[in-house]
Amino acid sequence: MTTKEQIVENWLPRYTGTPVEEFGSYILLTNFGNYVTMFAEKFGVEVRGQGRAMQTATAKDITIINFGMGSPMAATVMDLLSAINPKAVLFLGKCGGLKKTQVGDLILPIAAIRGEGTSDDYMPSEIPALPSFRLQSTVSAAIKKQKLDYWTGTVYTTNRRIWEHDDSFKEYLREIRAMAIDMETATIFIVGFANSIPHGALLLVSDNPLVPEGVKTEESDKKVTSSYVKQHLEIGIEALTELARSGESVKHMRFEN
83 MTTKEQIVEN WLPRYTGTPV EEFGSYILLT NFGNYVTMFA EKFGVEVRGQ
133 GRAMQTATAK DITIINFGMG SPMAATVMDL LSAINPKAVL FLGKCGGLKK
183 TQVGDLILPI AAIRGEGTSD DYMPSEIPAL PSFRLQSTVS AAIKKQKLDY
233 WTGTVYTTNR RIWEHDDSFK EYLREIRAMA IDMETATIFI VGFANSIPHG
283 ALLLVSDNPL VPEGVKTEES DKKVTSSYVK QHLEIGIEAL TELARSGESV
333 KHMRFEN
């Protein structure tokens, strides 16, 4: 294999256990196996890729992928997806809320701050990490359809997983006015841009890590899963279903990368 195209066409099935031709045109990304299980149960389909790096389930031209955690894996899955050129990729991630957000709130990011480093291998640091507007607009409509509200703003993406003890880093997060912090969003936006894949994100606030009592624990994470994850997934499915139904392109007709 000498080209990127040859590599990703071979590696996408290798990582997921799903043949290239059996992927849907619309992709949901997640870091958690239970999202894939819930999707499979909802549509009565099988979970593929058990024992592999990534698990998938496919129904109604939508494929959901659990790609793991962190920006390197986020970059990997967005590169692999260039094998199928999906019509839209929506990341359903969890994040730490940094402002007035409460656990269970939804954040529809308008941009991401590239603090993770991985995206620097794809684009110069001056290029902002932005979602595809049409996709985010459709997600907004899906949220409103369920009579819910959401926050907008920037999300800071980092490669650091354990930082909640670092007062200087927490002060930095306050200074940059980020709405949330996670480990994948900026990478997905930049690598999606580099691969000409329409992309967006809907983040679920799972903790409030700037204060000691808000740091995620096993008990608090179970509460988030039982109370909010199903709703999070349903919004993602609704948004991509609506895009598929409309038949409209997510790419801006006059935008060029």
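Numbering follows my numbering, in which position 166 of the sequence shown is assigned residue number 248; successive positions increment by one, without gaps. Just so it is clear, CB atoms sit at the ideal spot from N, CA and C, and this is done for glycine as well. Being a predicted model, the structure only gives us computed values, none of them experimental.
Taking a cut-off of 8 Å on C-beta distances, the region 116-124 does not touch the region 187-198, as fewer than three cross pairs fall below it. Judged by DSSP secondary structure, G115 falls within the alpha helix (DSSP H) whose first and last residues are G115 to F125.
Exclusion of the five residues before and after T85 leaves no residue of its chain whose Cβ lies closer than 6 Å to its Cβ. The distance from the Cβ of T112 to that of N148 is about 5 Å, consistent with a contact at the 8 Å cut-off. Residue pairing by DSSP leaves A156 without any beta bridge partner. As for any alpha helix (DSSP H) of minimum length 4 sitting wholly inside the region 143-220, the runs are 153-162, ordered along the chain.
Straight-line measurement puts the Cα of Y117 at about 8 Å from the Cα of K312.
Under DSSP, W245 takes part in no beta bridge, so it has no partner. Setting aside the 5 residues that flank it on each side, R216 is surrounded in the same chain by V332, each with a C-beta closer than 6 Å to its C-beta; the list follows chain order. The beta carbon of I144 is closer than 6 Å to those of G106, Y108 and L322 in its chain, skipping five residues each way along the sequence. Judged by their CB atoms, T239 and I195 are nearer to each other than the 8 Å cut-off. Taken atom to atom, the span from the alpha-carbon of Q218 to that of S250 is near 33 Å. In the same chain as W245, and ignoring 5 residues on each side of it, the C-beta atoms closer than 6 Å to its own belong to F251, in chain order. For L284, the uninterrupted beta strand (DSSP E) run begins and ends at H281 to D289, by DSSP. According to the DSSP secondary-structure assignment, W233 is paired through a beta bridge with I189. The region 274-286 and the region 159-166 touch, with three or more beta-carbon pairs separated by less than 8 Å.
DSSP places A321 within a helical segment (H, G or I) once states are collapsed to three. If you look at T138, you'll find it in the beta strand (DSSP E) that goes Q137 to A141.
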